[in-house]
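What follows is a short report on a single structure.
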Amino acid sequence: MSFILTEEQALLAETARDFFGTQAPVSRMRAMRDAGARFDRDLWRVTADLGLAGVAIDEAHGGSAFGQVGVGATMEAAGTTLAATPLVGTAVIAPAILAAAGRADLLGAVATGEHLYAIAVDEGAHHAPGAITTRAEVAGGGWRLTGAKRFVPEGDVADVLIVAARAPGGISLFLVTPDAEGLTRTPLNALDSRAYADVAFDGTPAELIGGEGAGADLLEPALDAGRVALAAEMLGIAEAAFAMTLDYLKTRQQFGQLIGSFQALQHRAALMATDLQLTRSAVRAAAIALDARANDAAQLASLAKARAGASVHKVTNEAIQMHGGIGMTDASDVGLFLKRARVAEQQLGGHGFHLDRYATLGGF
Amino acid sequence: MADIDSFRAETRAWLEANAPASIRTPQPEGEVAWGGRRAEWANPESKLWLERMAAKGWTVPTWAPEYGGAGLGAAEAAVLAEELKRIGARPAHLNFGIWMLGPVLQKYGTEDQKRRFLPPIARGEIRWCQGYSEPGSGSDLASLRTSCVADGDHWVINGQKVWTSYADQADWMFCLVRTDAAAPKHEGISFILFDMDTRGVETRPIPLISGASPFCETFLTDVRVPIDQMVGAPGKGWEIAKALLAHERANISAEGFARGDGIGLIEAARHGAPGPGGRIGDPNLRLRVAEQAMAQQSFGLTLRHLQQERPPYQADALASMAKSAAAELNKARLELTVEALGVDGLGWDGPGFAPAGLQATRTMLRSKGNSIEGGTTEINLNVLAKRGLGLRDHQ
Chain A
8 MSFILTEEQA LLAETARDFF GTQAPVSRMR AMRDAGARFD RDLWRVTADL GLAGVAIDEA
68 HGGSAFGQVG VGATMEAAGT TLAATPLVGT AVIAPAILAA AGRADLLGAV ATGEHLYAIA
128 VDEGAHHAPG AITTRAEVAG GGWRLTGAKR FVPEGDVADV LIVAARAPGG ISLFLVTPDA
188 EGLTRTPLNA LDSRAYADVA FDGTPAELIG GEGAGADLLE PALDAGRVAL AAEMLGIAEA
248 AFAMTLDYLK TRQQFGQLIG SFQALQHRAA LMATDLQLTR SAVRAAAIAL DARANDAAQL
308 ASLAKARAGA SVHKVTNEAI QMHGGIGMTD ASDVGLFLKR ARVAEQQLGG HGFHLDRYAT
368 LGGF
Chain B
210 MADIDSFRAE TRAWLEANAP ASIRTPQPEG EVAWGGRRAE WANPESKLWL ERMAAKGWTV
270 PTWAPEYGGA GLGAAEAAVL AEELKRIGAR PAHLNFGIWM LGPVLQKYGT EDQKRRFLPP
330 IARGEIRWCQ GYSEPGSGSD LASLRTSCVA DGDHWVINGQ KVWTSYADQA DWMFCLVRTD
390 AAAPKHEGIS FILFDMDTRG VETRPIPLIS GASPFCETFL TDVRVPIDQM VGAPGKGWEI
450 AKALLAHERA NISAEGFARG DGIGLIEAAR HGAPGPGGRI GDPNLRLRVA EQAMAQQSFG
510 LTLRHLQQER PPYQADALAS MAKSAAAELN KARLELTVEA LGVDGLGWDG PGFAPAGLQA
570 TRTMLRSKGN SIEGGTTEIN LNVLAKRGLG LRDHQ
């Protein structure tokens with residue numbers, strides 16, 4: 008397995024770092040929050056204009072075909088500046104579902120940024136793609152959905168929702184437009200200040216994609232693509248929080264000493280650096296495996312999601328502790344990193360979910 | 210590319226013709242090819258394999274031919290390693306000379322020393338041991354006190370070394386000594402080589418919490434060593450000592466610690482807590498096994514990753530990172546393995562316990578030393594913090 012980025016991938020990574028660094032620094036996300044907004048449509052516009060909405064879409068449909076490794080480079084860069092983008096749902100999960108469901112005709116509008124997609128799968132407190140109770144029935148010449156989805160990312164700003172529902176033939180996926188009859192969206196004010204909504208359906212008309220009962224098979228690889236994208240974002244968050252903390256250790260003085268000269272802190276910093284290196288490798292390996300459609304791609308996706316979640320959890324906690332009182336203030340960015348991390352850790356499966364899945368896929 | 214392809218084809222053909230069948234099977238403990246003057250060959254094909262590989266220069270493929278190597282570049286050496294792995298070949302021999310002494314001798318030795326010592330290392334004719342730690346000098350290795358004074362055309366050594374692995378089986382020792390007791394501690398140290406058969410060298414094995422061990426105490430009493438066996442100038446040994454330690458740590462982390470778990474972690478958990486269809490029956494244990502397996506897999510990925518792409522750390526910081534991570538993972542895995550075995554992991558020896566469980570338990574006990582030997586985890590974290598992360602010393 009080659010871990011090294013190709014010249015094109017390295018260029019993409021540099022472009023993404025430069026773009027998010029200049030166009031979407033943490034201060035932009037903070038300003039959005041302070042303005043009471045939960046979605047930055049202008050940022051999404053320029054992100055799509057740069058081509059990042061089509062990073063995982065093939066060239067025939069207007070994308071740049073960078074695959075999951077390109078997604079990883081983009082998401083890691085977005086994570087380092089907490090850029091509030093809808094990339095995971097719109098640019099990663101939706102294209103994977105649409106392409107596999109034979110709806111490549113819809114990819115062009117994703118690549119241009121014209122259509123924003125929300126992925127509505129979960130219904131309870133925890134990620135559980137197998138536990139879907141939203142019903143899909145044929146009535147009046149078409150499919151109609153009844154049920155409720157919880158904490159849907161971009162749920163109230165998306166142009167199209169992809170909804171998982173239980174049809175007579177099994178779990179199936181549907182396209183739903185937000186203005187459809189019987190659909191209600193309740194915006195949520197979440198920890199990371201991004202756009203989420205609870206979405207309810209009451210006989211809501213929907214368009215079946217990929218065939219009745221095909222939902223689980225369509226979802227699994229697409230959700231894995233999303234999980235590895237989130238893992239890359241969490242890696243970026245952890246790298247940034249760690250870098251910020253390391254800077255602090257090298258500048259803050261107490262007792263006439265740089266606090267980074269205290270061995271108790273040096274060892275904790277060294278352990279974080281080690282943990283981050285393991286996560287960096289796991290995240291890269293998972294992206295490579297997904298692109299290669301390797302047999303162990305699903306297991307590596309769970310590995311990457313769980314490892315990155317555990318790393319960012321630890322690093323953000325240590326970041327606050329090592330910053331001391333200043334780390335507790337809203338004025339410091341440390342808390343913003345922690346808040347986004349806690350949401351990303353849960354999305355598409357928390358630590359326990361992926362430990363269990365890793366074991367099941369490993370046959371134990 | 211064509212060159213590397215043809216090298217691969219030639220290598221594959223040569224291995225096909227020259228690798229004896231038995232060396233393509235997993236190596237039992239008793240057949241480790243240590244080489245040396247006292248070599249015992251439980252399997253005659255191991256000896257043949259060493260001789261054939263040494264004749265090709267492939268026991269040390271990247272060393273120059275005049276020093277017993279094959280002068281291969283990194284790409285060719287990688288191909289050779291892959292092809293050896295492909296057929297499941299056992300190492301031609303294991304020798305501290307190859308991965309610890311050899312590299313520093315090439316950098317710091319005189320031409321005469323290189324020609325004298327490197328080819329026998331390559332051929333597995335001399336088994337080396339490492340004389341570093343002393344009873345009063347563990348982590349603070351540079352405080353070592355074994356004295357070395359000039360007497361005509363000889364050096365005379367007096368002192369005691371400890372944790373000398375296989376000192377009782379080794380032919381020669383590379384040893385740290387103090388040639389200047391008055392100099393600052395890092396500046397009075399020298400690096401010297403001597404034959405273990407020299408008068409005044411005595412060794413005594415050290416039993417560990419895990420039972421018998423290869424570790425020894427080595428007593429040095431008026432040991433007379435020819436003057437040309439010092440590597441580097443007197444008082445300049447600390448730099449060599451550190452370079453050798455970096456090779457040691459890099460190798461430990463790359464190769465991992467000796468496994469010998471006896472039983473794999475997942476298998477142990479299935480045995481101790483059987484569930485339906487190969488599933489681990491205890492849900493708490495199952496998730497802890499998964500977490501450990503994830504850490505283990507990530508570490509394996511990191512080792513491959515670091516061969517290709519490195520964070521901007523000093524090489525020794527990276528070696529310290531990998532070594533300490535390997536040690537802590539090994540300890541955690543073995544503890545969990547023994548816990549998973551339940552009372553079947555609580556035997557010391559004798560009937561009533563399966564050999565695999567007994568071995569896992571002994572290896573668990575032995576693994577406690579992984580984070581002590583080759584630099585403690587604490588020392589390695591110091592190195593990583595300072596040389597990797599740029600954190601400063603306390604003023």
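Respectively, the protein sequence lines represent chains A and B.
With the numbering used here applied, the first sequence corresponds to residues 8 to 371, in that order.
With the numbering used here applied, the second sequence corresponds to residues 210 to 604, in that order.
The C-beta atom is built at its ideal place from N, Cα and C for all residues, glycine as well.
Neighbour list for residue 503 of chain B in chain A, Cβ cutoff strictly below 7 Å: One-based indexing of the second sequence puts residue 503 of chain B at position 294. Correct list: 310, 313, 314, 365.
Nearest residue (CA-CA) to residue 304 of chain B, options B:248, B:581, B:316: Here residue 304 of chain B refers to the residue found at position 95 of the second sequence. Across the set B:248, B:581, B:316, the C-alpha of B:248 shows the shortest separation from the C-alpha of residue 304 of chain B.
Contacts of residue 252 of chain A in chain B (Cβ-Cβ under 9 Å): Looking up residue 252 of chain A in the first sequence gives position 245. Within 9 Å Cβ-Cβ: nothing; residue 252 of chain A doesn't reach chain B, min ~10 Å.
Between the CA atoms of residue 349 of chain B and residue 316 of chain B - distance to the nearest angstrom: Here residue 316 of chain B refers to the residue found at position 107 of the second sequence. Here residue 349 of chain B refers to the residue found at position 140 of the second sequence. In a straight line, the C-alpha of residue 316 of chain B is about 25 Å away from that of residue 349 of chain B.
Any chain A beta carbon closer than 9 Å to residue 547 of chain B: As a working note, residue 547 of chain B is residue 338 in the second sequence. No Cβ of chain A is located within less than 9 Å of the beta carbon of residue 547 of chain B.
Beta carbon proximity, residue 354 of chain A to chain B, threshold 9 Å: Along the first sequence, read from residue 1 onward, the residue named residue 354 of chain A stands at position 347. Chain B, which has no Cβ nearer than 9 Å to the Cβ of residue 354 of chain A, makes this no.
Beta-bridge partners of residue 194 of chain A, as assigned by DSSP: As a first step, residue 194 of chain A is located in the first sequence; it is residue number 187 there, counting from the start. According to the DSSP secondary-structure assignment, residue 194 of chain A is paired through a beta bridge with A:204.
Pair within 9 Å by beta-carbon distance, residue 432 of chain B and residue 526 of chain B: Taking the second sequence and counting its residues from 1, one reaches residue 432 of chain B at position 223. Taking the second sequence and counting its residues from 1, one reaches residue 526 of chain B at position 317. The criterion of a C-beta distance shorter than 9 Å is not satisfied by residue 432 of chain B and residue 526 of chain B.
Interfacial residues, the stretch 482–503 of chain B to chain A, with Cβ spacing under 8 Å: Those would be 487, 488, 489, 495, 496, 498, 499, 500, 502, 503, in chain order.
Proximal residues of chain A, C-beta to C-beta of residue 513 of chain B below 9 Å: On the second sequence, residue 513 of chain B is found 304 positions in, with the first residue counted as 1. For residue 513 of chain B, the residues of chain A that pass the 9 Å Cβ criterion are 8, 10, 288, 292, in the order they occur in the chain.
Contact set for residue 587 of chain B: own chain, Cβ-Cβ below 8 Å, skip 5 residues either direction: The count along the second sequence starts at 1 and reaches residue 587 of chain B at position 378. Around residue 587 of chain B: 348.
Given 8 Å, three or more beta-carbon pairs between the stretch 219–231 of chain A and the stretch 358–366 of chain A: Not touching, per the Cβ criterion.
For residue 273 of chain A and residue 190 of chain A, the rounded distance between their alpha carbons: Sequence index remark: in the first sequence, residue 190 of chain A carries index 183 (1-based). Sequence index remark: in the first sequence, residue 273 of chain A carries index 266 (1-based). Cα-Cα distance, rounded: 54 Å.
Beta carbon proximity, residue 520 of chain B to chain A, threshold 9 Å: Taking the second sequence and counting its residues from 1, the one referred to as residue 520 of chain B is at position 311. It does: the Cβ of residue 520 of chain B has a partner Cβ on chain A nearer than 9 Å.
Outcome for residue 377 of chain A when other beta-carbon atoms lying within 10 angstroms are tallied against a minimum of 16: Beyond the ends of chain A as shown, which are 8 and 371, falls residue 377 of chain A; an answer cannot be given.
Assigned secondary structure, residue 306 of chain A (DSSP; H/G/I helix, E/B strand, else coil): Against the first sequence, residue 306 of chain A aligns to sequence position 299. Judged by DSSP in its simplified three-state form, residue 306 of chain A adopts helix.
Proximity to residue 353 of chain A [Cα-Cα], best of A:70, A:90, A:101, A:135: Position 346 of the first sequence, counted from the start, is the residue given in the question as residue 353 of chain A. Out of A:70, A:90, A:101, A:135, A:135 has the C-alpha closest to the C-alpha of residue 353 of chain A.
Identity of the residues DSSP links to residue 264 of chain A by a beta bridge: The residue you call residue 264 of chain A lines up with position 257 of the first sequence. According to DSSP, residue 264 of chain A bridges with A:261.
Neighbour list for residue 321 of chain A in chain B, Cβ cutoff strictly below 8 Å: Within the first sequence, the letter at position 314 stands for residue 321 of chain A. Result: empty, since nearest Cβ-Cβ is about 13 Å, beyond 8 Å.
Short Cβ contact (9 Å threshold) for residue 503 of chain B with residue 546 of chain B: Position 294 of the second sequence, counting from 1, holds the residue named residue 503 of chain B. Position 337 of the second sequence, counting from 1, holds the residue named residue 546 of chain B. No, they are not a contact pair.
Spatially closest choice to residue 25 of chain A from A:358, A:239, A:210, A:81, by CA coordinates: Counted from its first residue, the first sequence places residue 25 of chain A at position 18. Here the closest residue by C-alpha is A:81.
Pairwise C-alpha distance: residue 255 of chain A and residue 380 of chain B: On the second sequence, residue 380 of chain B is found 171 positions in, with the first residue counted as 1. On the first sequence, residue 255 of chain A is found 248 positions in, with the first residue counted as 1. Near 52 Å, if we compare the C-alpha coordinates of residue 255 of chain A and residue 380 of chain B.
Within the stretch 114–190 of chain A, ranges of the alpha helix (DSSP H) (whole runs, at least 4 residues): Runs of the alpha helix (DSSP H) inside the stretch 114–190 of chain A: 114–118.
Min CB distance residue 594 of chain B to chain A below 9 Å: Here residue 594 of chain B refers to the residue found at position 385 when the second sequence is read from its first residue. Yes, residue 594 of chain B lies at the interface with chain A (some Cβ there is under 9 Å from its Cβ).
Residues, ordered as in the chain, of the stretch 536–568 of chain B that lie near chain A by beta-carbon distance below 8 Å: Considering only beta carbons, no part of the stretch 536–568 of chain B lies closer than 8 Å to chain A.
Reference residue 165 of chain B, options B:434, B:272, B:252, B:575, closest by Cα: A query on residue 165 of chain B cannot be resolved here, the shown segment of chain B reaching from 210 to 604 and no further.
Residues within the stretch 334–349 of chain B neighbouring chain A, beta-carbon criterion of under 8 Å: Result list empty, no residue passes.
CB contact flag (residue 329 of chain A, residue 266 of chain A, <9 Å): Against the first sequence, residue 329 of chain A aligns to sequence position 322. Against the first sequence, residue 266 of chain A aligns to sequence position 259. In contact: residue 329 of chain A and residue 266 of chain A (Cβ atoms closer than 9 Å).
Sheet register partners of residue 214 of chain A (DSSP bridge): Position 207 of the first sequence, counted from the first residue, corresponds to residue 214 of chain A. A:182, per the DSSP bridge assignment.
Within-9 Å CB hit, residue 87 of chain A to chain B: Here residue 87 of chain A corresponds to residue number 80 of the first sequence, with the count starting at 1. Judged by the 9 Å Cβ criterion, residue 87 of chain A is not in contact with chain B.
Within chain A, the residues that residue 597 of chain B reaches when beta carbons sit closer than 8 Å: Reading the second sequence from its first residue, position 388 is the one you call residue 597 of chain B. Chain order gives the chain A residues near residue 597 of chain B as 277, 280, where near means a beta carbon separation below 8 Å.
Short CB-CB distance (under 9 Å) between residue 400 of chain B and chain A: Here residue 400 of chain B corresponds to residue number 191 of the second sequence, with the count starting at 1. No - not a single Cβ of chain A is within 9 Å of the one on residue 400 of chain B.
Collapsed DSSP secondary structure at residue 233 of chain B in the structure displayed: Residue 233 of chain B sits at position 24 when you count from the first residue of the second sequence. Helix at residue 233 of chain B.
C-beta contact flag for residue 244 of chain A and residue 347 of chain A at 9 Å: Within the first sequence, numbered from 1, the residue matching residue 244 of chain A stands at position 237. Within the first sequence, numbered from 1, the residue matching residue 347 of chain A stands at position 340. Yes, the Cβ-Cβ distance between residue 244 of chain A and residue 347 of chain A is below 9 Å.
For residue 373 of chain B, the residue or residues it bridges with in DSSP: Mapped onto the second sequence, residue 373 of chain B falls at position 164. B:425, per the DSSP bridge assignment.
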